Structures are given as structure tokens and as C-alpha cells.
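First comes the structure, then the notes that go with it.
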Amino acid sequence: MNLVQDPWLPFRLRNGSERVLPMTAICDPNVIDFALPRADFQGAAYQFAIGLLQTVFAPDDKYLWHDIYEQAPEPEVLQQAFDKAAHAFCATGDGPLFMQDFDELDAAKPTTVAGLLIEAPGANGLKLNTDHFIKRGIGSVMSLEMANIALFTLQINAPSGGQGHRTGLRGGGPLTTLVLPQHSNSSLWQKLWLNVINRDKWRYEDPDLHSGLVFPWLAKTKSSDKKGTEIYASDIHPLHMFWAMPRRICLEVQQGEAICQITGKLAMQTVTEYRTQNFGGNYSGSWQHPLTPYKWNPKKPEEEHLSAKGQQGGITYKIWDALTLTSNENGQQCAQVVNHYYSLCEGFADIQSQVPRLWVFGYDMDNMKARGWYSVSFPLFSVSTEQQEEILNEVKSLQKLAADSLWQCRTQIKTAWFDKPGDAKGDMSFIDLAFWQRSEAAFYNAVQHLIGNAVQGDPYLVATQANTWLKALRNTATDLFDEYALSELGSERSMAKRIKARQLLTGWLYGGKDIKTFIANHKIEQLKEVV
Amino acid sequence: MDDHSKKVVLRWWQSMMSPPAQLSSLHIQPAPTSYKAQLKRCESADDAMLTDGFRALWLNLSDEIINQDNSRNIECWATIAAVLVHVKSESKNKLAVAAGKKGEGDKSVVSELRFSQLQNAKTPEDFLRRLRRVVQQVKGDVSAVDLAIDIQKWFSEYGQLRPRKADKRISVQWAMDYYRAASGKRK
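Here the protein sequences line up with chains H and Y, keeping their order. The first sequence: position 491 = 1435 (this note's numbering), numbered continuously. The second sequence: position 135 = 136 (this note's numbering), numbered continuously.
Take a look at the structure:
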């Protein structure tokens, strides 16, 4: 089976049906999405297709980019481009196989194919019998197609997996940000093409598609069992970032009918075991993966840049700025595809009469353990590069006010609940999550005003807009407090405590230092509000 | 509570409590003193329903209220009648504010314990008894109409779904008023 010639991935069509089609189906206007049975596979399918297009079909400049966005290529044209790299996308055969080690790894002991799934319990979990929420035995038989997408998913997300089991190029469980059209029924082509960068914006040498510098499985793995074997960005071709291979894996393919446990469908070729060896490619230093935002210490820019990761507590507008804006002063950089979108042309959003959105997804990993999978859509505003620093500072001040309000709210809820709130243990992050989610709409409204004002030349909120934001924060904080701390009043002792805590909260929300500064900075008229 | 009902409550209460001179200027017929005496002696809302004083209030309410097919409704109005006879003067004070204010010395007029017992009253009988005690403790110096509104709120929450927002609930409002008054801050 060849991954760029034969049908292997399921697609969703405009009429709602699902079909397994070859990769060229991505240019069919009737295809609107992938239809993988798992969220992480779905994200991997997007990255596979985007990586493939960037590798063999990248446009020369933004004009060509536009033409191809408007008019998807013919399948034959696309197939021709794919064929150039077909030798690197074999899933079966005698030559090098996609994302599998160049060596046979005969010495390694076979393990169950479920190990490719990131949330599957590991060997230690099985030994200690700690597979509580996700039991052993999931996905122990996979069709060859699903095993391949699972393999790719693992290679791009790989968490640290014990000695010498290397993390992916972007670290374990990175966030991926993709620019998507506003409407979910846009063609898959447009969804993918928004994330392909023209080569005028991203300059690199023409890739040698037969080289291990682009597709690492075409050459012997650079083993990392000794010091000094790290792979740095300067060692390889930039396109390698889409195809990084930190894990050394060989799938054992079996012929014969079996039910694939991922899809629940009958498969003719299946995988139940694979061989793996540690000390695969050890990616080190700073990278600029086109689909992921990075952060660094602005005082020491030469230090390693860190990719954004999924974090406990979910993905909220708290980190919206880090995903969408770039600022050297603050040491943050949004994904290259987002930058590319900004640079496309000033009027892209107007021409399309729709504003693209940003799809953010990724695992939340605690070392090897997957805590969860996040998938969120954020608004994406058109911001010119020059204005980003100014706008960012204002956005950060809005976020800070929200974070401070949340801190007060959470502290007072704890004061209302506990005798010694300082000693109270436990996960209170549900309060945070509720706060971020409820104030989200108000935040994006404020940001929209901010950017609108910036276009007029004044990147600040006017008094009424600032007041709306402030009111939204006050309401969110008091509502949350009332729900959590006043739903029962209890005895006279706890009642007094609860009411006192509420007075402290409203006292801060109306007269706290930060609030007063915000009011003064934005010249909000002091209305006599009843506390 | 609608405006008509508020007016009815106020005039009814005035007819029993205000001096005759003031009543004639308001064109209110003074009520017989027996109304007040009977209502004060009632131990429950059921007793109150049988009194002439309650009848004088009830029959003046709008048909909408009287014809409601809901036994809680008449119980609520009987409780209002039985509590309001303990309100002595025309005042603007809210009950919980009056209860929370510092009396002589450092303590609130109504102790926190007694106030929380009112808050936690589980049945209409219990509520009536505790509410009367609190009204007596503040020497009847509260607004009759506001008190009637509070009682109606209590009944509408009793046995029904509570308002979604905590600060719309009567017990939470009372607690906030009480402790704000107790901490010496003026609203």
C-alpha cells in the first residue's frame, strides 16, 4: 500500500457520507473533511496532508497561493506532484516504509500495537495494574491503515517514554494551531491550503525527496545513545519538521481477515505487534515548526525556544495572545501558518467576506500519561505585523485584569468554604475554567474593539468599551462566587464567613487597586454603583 | 408583589396602627381594635385565616390573587397578616438591616444565632414563629410593605425551584443586609 497513491484515509463528503479515498481526494470540492474515528488521528490526518502539500506542492509566492486557494488543482496535477515523493510513502513493501525505522530492528522484542496509542497504559501501568480509566486491550488489532495513522500520530506527538524513548520534535504533546475557514462546510482543500506557506514567505532550498534529511526513514537512523548525537535545526532540511521521527518502530503486518478495533470494520491486512528500540532521533535546540507557537525568555533569546503545550485547565483565552500574536519584546511567536495568514494580503478577510478561525488542538500530557485531549476554536483577527506589539500589550492588560479578578474570586470562594483557606488542598481549577469560559465572549468583543481602534490609530479601548469589559468581569466573578459559596448558607458561623467573603470580593471588584488603575487609565466615569 | 397589593397592604396596616386623625386624612376607616388583638393571639397561619382582621386584608386583594388555585397563596397572606400586626411604626427600615444593627454595646440587635434560625426555618409554622420573634426584637421598627414583600419571596421559594442567581434569594439578601449592617457599613 502506498499512502499517496492508494485509498487509505476516510473522508467526509458534502452529502454527509464517509468514504475511503486516495489522498488526491483533498482537491475534490465535494470533500469537506477527514473522517477519522479518533480526534488525535483527525488532527494527524490534517498535519499529514498539510506536510505533504508543503513538501511537494508549495506555491512560489502569495499570488500563486491565492490562485490555488480559489481554484483547487485537478486530481491528475496533484497526483503528479505526489508521485515525486511516492517512494517515501510506502506502507508495505521491501524498501523503506513510512515513519518506520530503516533497520529491521530484529533484536527488539515485539510488543502490542496498542502501544502506538498515546493514551494506552504502558508496560509499567500493566505491571502495577493501574490502568483504571483506560483499560488494557484497547486497539490490540489495527488495520494497516489505522496502524499507519497511529504511527504518524505517535511520531508527531511523542511524549517522553522512558530511557532513550525520545519526544517529538516539538516536545511531548505539543499544541497544533491551524487556520481554518469560518464555515465548517468549506471544502477540505481550503481548510488545508490556508496552512500551506508560500515559498516567498518561507524560503528554503528545493528539497531532495530521496534524502534522509527530508524523510528520515529513507536513511539509517541517527542513533542517540551517545552524547553529541542531537539533531539541530541546521542539520536537516526545514521540511523535515513535518516528518520528524523520534521513535524507532517497525510494524509487523499480517495478511488475513480480522476486525480492526479502531474502526470496528473488517480489514484484510492487520497489525497486532510492532518492534521498537530506544535512542531514536534526538531533536534538540530551537525549532520553528510551522504549525506550533513558541515562547522564549526575551532577555536570553539564544536559549531554547519552547513549544506551546496542552496544559491542565484547558485552552482558554488566557493563552489566546500566545497563539495568535508575535512579539520579540515578550518572547513569543505564533505559528508560522498564522503569520503567513496575516501576511497574505490586508484584505483577505474582506475579499472572502469571512474571518478564518484558529483551530487549536493537542494532548495534555503529564510526562507519559495523557490527561486529556483539547480541541478549541479561537477567533483570528487580521492584525498587521507592525501593530502586534502595541495590541499585545493592551491584550495582556485585559487578560491580567481577568486573571486578577479570577484570583480574587477563587480566593474568596475558598475563604467562604474553609476555616483555613490557606491550607485547603484540592483541585480548584474548575472555578478557573468556568471563569474563563464565561467571560470569553466579552473578552473577544473587547479585543475586536481594540483592533478596530488600532486600525484608526489608537490601540486602546474607549471608556464605554472598557467599562463593558469591567462589568463583565465583575458579573462573572460575583455570579461564580454566589453559585459556589452562597448556594447554601449553613449555620450562623459559616453564614457570617460567607457574607464577609462576598463583601471582600465586591470590595475588590469595585475598589481594588488594579481596578482603580484600570478605571483611571481608561477614564471610565465613576458611576455611583451599588455594591 | 404588584403595586396594587402593596397599596392594599399598607392601607390595611395603617387602618389598624395609625392614629385616627391621620387615618381620616387618608380616608381610611379605622379598623376595630379586635382585629389586631385576634391576629396577635394566632399561633399559626391557619388560625390567622379565620380572623376578621385577615378577611379585611384578603378581600381587598385583586381577584387574581384571591382566585389562585394554590393553598400556599392564602397561607402566605395569612402569615403576612400575622406578622405585620407586630410592626409598630411606619418606618423605612428593612428587617435584616434593623436586625443586624448594633444595639447597646457591641452586639447586633438580633443575635447571629437567632437570625440564622430564621434563615434556616424549614416550615411555614417555624418561619412565622421565628419571624415574629425577630420583628418583636427590633421593636416593630421596620417597613411593613418591605416585610410583606420578603415574606412573599420566602413563600415563593418555599417548595419551589430557587432563583438561579444566589443573590436573588431572600435568605441571601437577608444575610447580606444583616452582616453589612452588623459590620457598621451603611448601604
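Using N, Cα and C, we set each Cβ at its ideal position, and we do this for glycine too. Fair warning: this is a prediction, and the values are worked out from it, not measured in the lab.
Within 7 Å, strictly: CB atoms of residue i and residue j
i	j	result
G1224(H)	T1165(H)	yes
G1434(H)	G1254(H)	no
F1322(H)	L1350(H)	no
S25(Y)	S92(Y)	no
A969(H)	V1000(H)	no
V1299(H)	A1202(H)	no
A1378(H)	R1442(H)	no
I1180(H)	M1090(H)	no
L62(Y)	T52(Y)	no
L1414(H)	L1336(H)	no
Y1238(H)	S1228(H)	no
E1333(H)	P1403(H)	no
V1281(H)	N1101(H)	no
Q1352(H)	L1430(H)	no
P1103(H)	M945(H)	no
W1187(H)	F1159(H)	yes
L1049(H)	Q1198(H)	no
N1129(H)	E1174(H)	no
N1274(H)	P1242(H)	yes
A1445(H)	Q1356(H)	yes
Residues that residue i bridges to, as DSSP identifies them
i	result
R1192(H)	Q1221(H)
I1203(H)	L1210(H)
F955(H)	R963(H) and F978(H)
M1309(H)	A1314(H)
Q1198(H)	T1214(H)
K1239(H)	L1250(H) and Q1276(H)
N946(H)	C1034(H)
S1087(H)	T1214(H)
S1319(H)	F1305(H)
Y1538(H)	Nothing about residue 1538(H) can be read from this structure; chain H reaches only from 945 to 1475.
K103(Y)	S109(Y)
S1271(H)	Q1276(H)
V1123(H)	L1302(H)
T1055(H)	Y1218(H)
Which listed residue (the options) has its alpha carbon closest to that of residue i
i	options	result
G1051(H)	T1355(H), D1426(H), E1330(H) and C1194(H)	Per the sequence presented here, residue 1051(H) reads as Ala, with Gly not at that position. Taking only the C-alpha atoms, the option nearest A1051(H) is C1194(H).
D984(H)	D1423(H), Y1307(H), T1236(H) and G1229(H)	Y1307(H)
V1391(H)	A1464(H), K1340(H), E1247(H) and D950(H)	K1340(H)
L1119(H)	T1097(H), N1129(H), G1106(H) and R1110(H)	T1097(H)
T1056(H)	D1047(H), A1067(H) and D1423(H)	A1067(H)
F128(Y)	Y36(Y), A32(Y), H28(Y) and S45(Y)	S45(Y)
A100(Y)	R134(Y), A82(Y) and R56(Y)	R134(Y)
L1235(H)	L1124(H), T1461(H), M1439(H) and N1311(H)	L1124(H)
S72(Y)	M17(Y), T34(Y), F156(Y) and Q15(Y)	F156(Y)
S6(Y)	M177(Y), A167(Y) and V146(Y)	V146(Y)
I152(Y)	A83(Y), L114(Y) and S90(Y)	A83(Y)
Y1007(H)	L1288(H), E1432(H) and L1377(H)	L1288(H)
A167(Y)	I1463(H), E1432(H), K1467(H) and H1181(H)	E1432(H)
E76(Y)	G185(Y), G141(Y), V9(Y) and E126(Y)	E126(Y)
A1030(H)	K1171(H), P1190(H), L1162(H) and G1257(H)	L1162(H)
A1346(H)	C971(H), T1408(H) and D1458(H)	D1458(H)
I1395(H)	N1272(H), Q1331(H), E1014(H) and M1043(H)	Q1331(H)
K1460(H)	M1439(H), M1312(H), A1410(H) and D1426(H)	A1410(H)
Q1343(H)	Y1388(H), T1422(H) and Y1013(H)	Y1388(H)
G1059(H)	D1045(H), Q1099(H), G1037(H) and E1020(H)	Q1099(H)
L957(H)	M967(H), D1075(H) and N974(H)	N974(H)
L1136(H)	L997(H), Q1126(H) and I1078(H)	L997(H)
Contact belief for residue i with residue j at Cβ below 8 Å, rounded distance in angstroms
i	j	result
Y179(Y)	F116(Y)	6 Å
L947(H)	A1035(H)	6 Å
R1143(H)	A993(H)	Not a contact, Cβ separation roughly 18 Å.
T1214(H)	L1041(H)	Incorrect: roughly 16 Å between the Cβ atoms, too far for contact.
A79(Y)	M50(Y)	5 Å
A1386(H)	T1412(H)	7 Å
7 Å Cβ cut-off: residues of chain H touching residue i
i	result
E113(Y)	E1436 and A1440
Closer than 8 Å at the beta carbon, the chain Y residues around residue i
i	result
L1433(H)	S117, Q120, N121, S172, V173 and A176
D1423(H)	K166
L1183(H)	In chain order: nothing, as chain Y lies at least about 54 Å away.
Within chain A, the residues that residue i reaches when beta carbons sit closer than 7 Å
i	result
K1444(H)	In the displayed structure, chain A is absent; the protein chains listed are H and Y.
Residue i beta carbon near the ligand ATP (any heavy atom closer than 6 Å)
i	result
M17(Y)	The model on display carries no ligand, and the ligand ATP is accordingly not part of it.
Chain-ordered chain Y contacts of residue i [CB-CB under 7 Å]
i	result
L1414(H)	By Cβ distance, chain Y contributes nothing, its closest Cβ being about 19 Å from L1414(H), past 7 Å.
Neighbour list for residue i in chain Y, Cβ cutoff strictly below 9 Å
i	result
L996(H)	What L996(H) touches in chain Y: nothing, since even the nearest Cβ is about 51 Å away.
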